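Visitor: Got a structure for you, questions after.
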Amino acid sequence: MFLSPVWKQRKNAFLKNARAKYALIVFGFIFVLSLFSELIANDKPLILKYKNHFYFPIVQTLTDKFLGGDFETPADYKDPLIKENISKNGFMLMPLIPFSYNTVDYEISAQTPSAPNKTHWLGTDDEGRDIIARVLYGIRLSVVFAFILTLFSATLGIFIGAVQGYFGGKIDIIFQRFIEIWDSLPQLFILIIIASLFIPTFWTLLIILMLFSWTSLTSMVRAEFLRTRNFEYVKAAKALGVSDFRIILKHILPNALVTSLTFIPFILSESIVALTSLDFLGLGLSEKYPSLGDLVRQGKDNLQAPWIGITIFIVLAGLLTMLIFIGEGVRDSFDTRKSK
């Protein structure tokens, strides 16, 4: 991939910021690790050899009867009978953490939430589910949700800001009044009403939050277009008959994106906080999703189990701190005074 001299200068400026560079490396490593959560934390074997045939239970559903049991339900690989049949007819390779985010460990002898031990390195929550597994799946859910939310809200906000700033006049005034009214709506109350009507899913919650987050970049893009639309090269393009769409996309938008890109990491962190807060309040995703907000709630409700609160505090504080450091590095790399 070939970069222009300007982008090479910005990249070098970012890499000079050691705090931002290492934050990006660590954040990228954790996120990539979370993408393979099923291979790290799962209650199903990675590889199963049974009667001279190989199976991959992560992507294949094997029944209890198929493995020597009595029922047509999905096999429970912790069942002593199933384990004995597999050991007699082959073998199975379990993940490093033999629990998924929704696996309830019924073999726990202590009262839940149970303290960290050799089986559950960070303990369990009040339902007997492994905390490491829930954190791993929860990080993936939160970061993917934040990426999608940031992408769609930023695209919509940049588009509306570009239209406002470029055309100005009545279009700008109408949009500005609409944004003022829209931002004044009580977002929390609307979410409470929606949550009372139906159980929010990943996509419905994404759409709801996007409806209120797209305005974060609109004012900056609008101001950049208002400033740039009267430049000589824009007037020359209009005189040559270049379409408004091409002028917006090719001539003005690249300059407006410079300021917008510096805010992307901060919007990402806000999206993670928004999802976690809604889940904590019970207005977010249902219990079938692995949620960092649910762990925050459990940490509050189970003060006698400090390992829950300490774990989720370190995870959230670490994620948000790394995103802030990355955002500062991106901001400084676009600062011409610091990138020289």
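The sequence shown begins at 2 in my numbering and counts up by one.
Note that CB positions come from ideal geometry on N, CA and C, so glycine has one too.
Note that this is a predicted model, so its numbers are computed, not measured.
(1) Taking the Cβ atom as the reference point for each residue, do residue 195 and residue 201 lie within a distance shorter than 8 Å?
(2) Going by DSSP, name the residue or residues bridged to residue 49.
(3) Looking at the structure shown, is residue 332 part of a helix, part of a strand, or coil, going by DSSP?
(4) Does the beta-carbon of residue 88 have 16 or more other beta-carbons within 10 angstroms, so that it is buried, or is it exposed?
(5) Out of 312, 65, 102, 320, point me to the one whose CA is closest to residue 30's CA.
(6) Three-state secondary structure (DSSP) at residue 274?
(7) Using a Cβ-Cβ cutoff of less than 8 Å, which residues in the same chain neighbour residue 221 once the five nearest sequence positions on both sides are dropped?
(8) Please return the same chain residues whose Cβ sits closer than 8 Å to the Cβ of residue 44, not counting the five positions on each side in sequence.
(9) Compute the Euclidean distance between the alpha carbons of residue 149 and residue 134, then round it to the nearest angstrom.
(10) Under 8 Å, with one C-beta from each stretch per pair, do the stretch 137–153 and the stretch 270–290 reach the 3-pair mark?
(11) Going by DSSP, name the residue or residues bridged to residue 322.
(12) Tell me, to the nearest whole angstrom, how far the beta carbon of residue 198 is from that of residue 286; I am working on the premise that it is less than 8 Å.
(13) If we ignore side chains and look at the alpha-carbon of each, how far apart do residue 172 and residue 165 end up?
(14) If we count the other Cβ atoms within 10 Å of its Cβ and call it buried at 16 or more, is residue 170 buried or exposed?
(15) Contact check, residue 155 vs residue 210 under 8 Å by CB: the rounded distance?
(16) Buried or exposed: residue 61, going by 16 or more other Cβ atoms within 10 Å of its Cβ?
(17) For residue 64, name the three-state secondary structure that DSSP assigns.
(18) When the Cα of residue 158 is compared with those of 117, 223, 181, which residue comes out closest?
(19) Checking the sheet assignment: what are the DSSP bridge partners for residue 125?
(20) Using the beta-carbon count (16 or more within 10 Å), is residue 342 buried or exposed?
(21) Mind checking whether residue 95 and residue 36 have CB atoms under 8 Å apart?
(22) Expressed to the nearest angstrom, what Euclidean distance is found between the alpha-carbon atoms of residue 308 and residue 318?
(23) What's the gap between the Cα of residue 6 and the Cα of residue 14?
(24) Using the C-alpha atoms, what's the distance from residue 216 back to residue 283?
(25) Which of helix, strand or coil does DSSP assign to residue 76?
(26) Label residue 314 either buried or exposed according to how many other C-beta atoms from any shown protein chain fall within 10 Å of its C-beta, with 16 as the threshold for buried.
(27) According to the neighbour-count rule (16 or more other Cβ atoms, all chains shown, within 10 Å of its Cβ), is residue 54 buried or exposed?
(28) Which residues in the same chain as residue 32 place their Cβ atom closer than 6 Å to its Cβ, once the five residues preceding and following it in sequence are excluded?
(29) Distance check for residue 117 and residue 128, CA to CA, integer angstroms please.
(30) Would you mind sorting residue 28 into buried or exposed? The rule is 16 or more other CB atoms within 10 Å of its CB.
(31) Determine the closest residue to residue 167 out of 125, 190, 230, 160, with distance taken between C-alpha atoms.
(32) For residue 181, count neighbouring C-beta atoms within 10 Å of its own C-beta (all shown protein chains included) and say buried if the count is 16 or more, exposed if not.
Guide: Reading it off the structure:
(1) The criterion of a C-beta distance shorter than 8 Å is satisfied by residue 195 and residue 201.
(2) According to DSSP, which records beta bridges pairwise, residue 49 is partnered with 56, 93.
(3) Reduced to three states, the DSSP call for residue 332 is helix.
(4) Residue 88 is classed as exposed because its beta carbon has fewer than 16 other beta carbons within 10 Å across all chains shown.
(5) It is 320.
(6) In this structure, DSSP gives residue 274 a helical state, which the three-state scheme calls helix.
(7) Within the same chain, and ignoring the five residues on either side of residue 221 in sequence, the residues whose Cβ sits closer than 8 Å to its Cβ are 162, 257, 260, 261, 264.
(8) Only 78, 79, 99, 100, 101, 104 meet the Cβ criterion.
(9) Each residue's alpha carbon lies about 23 Å from the other.
(10) Because the criterion of three Cβ pairs below 8 Å is met, the stretch 137–153 and the stretch 270–290 touch.
(11) Residue 322 is bridged by DSSP to nothing; it lacks a bridge partner.
(12) Beta-carbon to beta-carbon, residue 198 and residue 286 are separated by about 16 Å, too far to satisfy the 8 Å threshold.
(13) About 6 Å.
(14) Exposed, since its Cβ has fewer than 16 Cβ neighbours within 10 Å.
(15) The C-beta distance from residue 155 to residue 210 rounds to 13 Å, too long to fall under 8 Å, and the pair is not in contact.
(16) With fewer than 16 other Cβ atoms inside 10 Å of its own Cβ, residue 61 counts as exposed.
(17) Note: residue 64 maps to strand in three-state DSSP.
(18) The alpha carbon of residue 158 has as its nearest neighbour, out of 117, 223, 181, the alpha carbon of 223.
(19) Paired residues: 131.
(20) What is shown of the chain runs 2 to 341, which leaves residue 342 out entirely.
(21) In this structure, the beta-carbon distance from residue 95 to residue 36 does not fall below 8 Å.
(22) Cα-Cα distance, rounded: 15 Å.
(23) Our two residues, residue 6 and residue 14, have alpha carbons roughly 12 Å apart in a direct line.
(24) Cα-Cα distance, rounded: 25 Å.
(25) Residue state, collapsed to three classes: coil.
(26) With fewer than 16 other Cβ atoms from the protein chains shown falling within 10 Å of its own Cβ, residue 314 counts as exposed.
(27) Burial check for residue 54: the Cβ neighbour count within 10 Å stays below 16, so the residue is exposed.
(28) For residue 32, where only same-chain residues beyond five positions count, the Cβ hits under 6 Å are 144.
(29) Those two C-alpha atoms are separated by around 15 Å.
(30) Flag for residue 28 reads buried.
(31) Nearest of 125, 190, 230, 160 to residue 167, Cα basis: 230.
(32) Burial is judged here by how many other beta carbons sit within 10 angstroms of a residue's own beta carbon; residue 181 has fewer than 16 and is exposed.
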